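Novice:
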């Protein structure tokens, strides 16, 4: 190192030891040093000559607020370089900056907070500051100066990112309440930083619950409505971190936070849109929240996003699937797949395949349509009590019975009579209802056992009870509910008695496959598949009902997709894990996971489960390994 350079820095460092009369010299000397600190070689030279230590010592004790502020700014600029950060950390710059946080000058507090933020890129500095300076930074969150709040919150973001110990220190400093209050600041930077700190804290479950107890979801609604993309992004990310609890989702929903969150899905900013998708995915974990987001248009927006190569992302696809998990008819129609966790409940219907983005009509709307040549819609509804959980409710001002009667081609008086009987008798504990079901079921079972015999004719009113949509009148409105399927109800009762008690999952799967095949036309020879006239049979049912919606229990001849659907429905009722797939050309199949017996008879040896395709057509009950040629032939023509 040239001797003249060393001499220069030695003389310059003496300026900081000068008497108070030369305060202007101090400021000027600092200006020279500040310009040089950004250079790594110069920084090293200042350190070696002792100038840096003198500068920091003088900064701590100086009474010149302008000097302290500028010194903190100089440190922040120098800390942009990794080597400089290392040198500053070795000189314990953190102690100096923490001291500056306690000054009376707001500009100095801001500069010191910014310098701490810059130094946090150095892990050792982050640890040192976290142990000593977090309480002071938390105090600054309550400052009346919003710029001070912003600088302190930003420093806390950097201190708590990927550092659990600092997260705990922030919580111990009682920062949660002031951080939530910062969310209502007018400075966008302060709001964004506060949201980020709370997100970091929420990574620890006890802290997340504490944050939620302070009304976080209500407070985050305003940031979600911000026009600043950074605030929008950070707010959405905070919702994603906090929305893991039912209480949090309920609060967000009740506070009106779902509407601005769904609107963020429209954002042209990639980060905002990605974080909004993430938050929607998390919030869609419960049915009520998913239904509300669907009502607000989230499903349509996500469909649109996922159709765009440039706008879709992993979270948008996951968010769509999560919402569809609470709208299984739409999911199966759109995606052609239901997982084992997608439990088919009463009110489900298989419309057939729809294109992405195509809106699926409700069951009520489909039942109200005139009979046409479209594919039959297969309905699942073995619900006994209509009023317990109506599928769809609407308000009909007058004569609802006549409206339904006109759609199914029967007299209005018959419908009125049937509706009156239902409203009086069809209760869970009604002896009359169970007797009616039993009689109807006995007749149906008798007809199916005696193949080739003419089915016993049923009274008109009893037939209506099982196949028409019902209207239960209440004061001021009418509740629409789908038709009850007594045959499906009998199926569920029978398999619960005969198949559920079987000792192994494999035996249950095989028995259920044989049960389904028997009810829907029996085994079919592969070469004679084209002679199996299921289409005509379905058309006859549609004509009989004067409706495209066909209860699955009415079907006696079903092909691949009818059998696969019924297998999934019944498997879900007796807790057999089963997935459902839709293929091309009316194909459909089920996959189950089963564990083979231990090889060589070794007891206690557990093997990983294997995926099998269940044959419901050719050899009902035969289990084909997923990747086998037999399975491939079953799924495709």
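Residue numbers (this note's numbering): 718 to 1354. Glycine included, C-beta positions come from ideal geometry on N, C-alpha and C. Predicted model only: the values in this text are computed from it and were never measured.
(1) Kindly indicate which residue of 1264, 1271, 822 and 1262 has the alpha-carbon position closest to the one of residue 1251.
(2) Less than 8 angstroms between the beta carbons of residue 1080 and residue 1265, yes or no?
(3) Who does residue 1054 pair with in a DSSP beta bridge?
(4) Select from 850, 1018, 1022 and 1299 the residue whose C-alpha is nearest the C-alpha of residue 890.
(5) Measure the C-alpha to C-alpha separation of residue 1105 and residue 1099 and round it to an integer number of angstroms.
(6) Taking residue 796 as the reference, which of 779, 814, 1201 and 1005 has the closest Cα?
(7) Over what stretch of residues does the beta strand (DSSP E) that includes residue 824 continue unbroken?
(8) Could you check which residue in 1063, 865, 1043 and 1096 has the C-alpha nearest to that of residue 1069?
(9) Compare the beta carbon distance of residue 1230 and residue 1219 with 8 angstroms and say whether it is the shorter of the two.
(10) Report the residue ranges of all alpha helix (DSSP H) runs contained in full by the stretch 1060-1097; include only those spanning at least 4 residues, in chain order.
(11) Taking the continuous beta strand (DSSP E) assigned at residue 1308, which residues delimit it?
(12) What do you reckon, are the CB atoms on residue 829 and residue 840 nearer than 8 angstroms?
(13) Would you say residue 1047 and residue 1013 are within 8 angstroms of each other, going by their C-beta atoms?
(14) So, helix, strand or coil for residue 1327, using DSSP?
(15) Look at the Cβ atom of residue 1037, then the Cβ atom of residue 1019, and state whether they are nearer than 8 angstroms.
(16) What does the alpha-carbon distance come out to for the pair residue 1215 and residue 1278?
(17) Is it buried or exposed for residue 1083, if we count other Cβ within 10 angstroms and need 16 for buried?
(18) Within 8 angstroms, do at least three Cβ pairs link the stretch 940-952 to the stretch 877-897?
(19) Whole alpha helix (DSSP H) runs in the stretch 765-808 with 4 or more residues, listed along the chain?
(20) Please list, in chain order, all residues of the same chain as residue 1325 whose beta carbon is under 8 angstroms from its beta carbon, the five residues on each side excluded.
(21) Going by DSSP, name the residue or residues bridged to residue 1341.
(22) Taking the beta carbon of residue 1043 as the centre, do at least 16 other beta carbons fall within 10 Å, making it buried, or is it exposed?
(23) Would you check if the distance between the CB atom of residue 936 and the CB atom of residue 901 is smaller than 8 angstroms?
(24) Between residue 1232 and residue 1327, what straight-line distance do the alpha-carbon atoms span, to the nearest angstrom?
(25) Mark residue 930 as exposed unless 16 or more other C-beta atoms lie within 10 angstroms of its C-beta, in which case mark it buried.
(26) Roughly how many angstroms separate the alpha carbons of residue 1348 and residue 975, rounded to a whole number?
(27) Check this for me: beta carbons of residue 982 and residue 990, under 8 angstroms apart or not?
(28) If we ignore side chains and look at the alpha-carbon of each, how far apart do residue 1308 and residue 1001 end up?
(29) Is the stretch 1050-1064 in contact with the stretch 1287-1306, if contact means three or more CB pairs nearer than 8 angstroms?
(30) Tell me which same chain residues have a C-beta within less than 6 angstroms of the C-beta of residue 1286, skipping the five on either side of it?
Specialist: Based on what the coordinates show:
(1) 1271
(2) no
(3) 1298
(4) 850
(5) Unreliable positioning characterises residue 1105 in this predicted model, as indicated by a pLDDT of 43, which lies under 50. The coordinate reading is nonetheless provided below. Near 13 angstroms, if we compare the C-alpha coordinates of residue 1099 and residue 1105.
(6) 814
(7) Run containing residue 824: none in the beta strand (DSSP E); it sits in the alpha helix (DSSP H), 823-836.
(8) 1096
(9) no
(10) 1080-1085
(11) 1305-1311
(12) no
(13) no
(14) strand
(15) yes
(16) 24 angstroms
(17) buried
(18) no
(19) 768-778, 782-795 and 799-807
(20) 1312
(21) 1330
(22) buried
(23) yes
(24) 23 angstroms
(25) exposed
(26) 44 angstroms
(27) yes
(28) 26 angstroms
(29) yes
(30) 1061 and 1097
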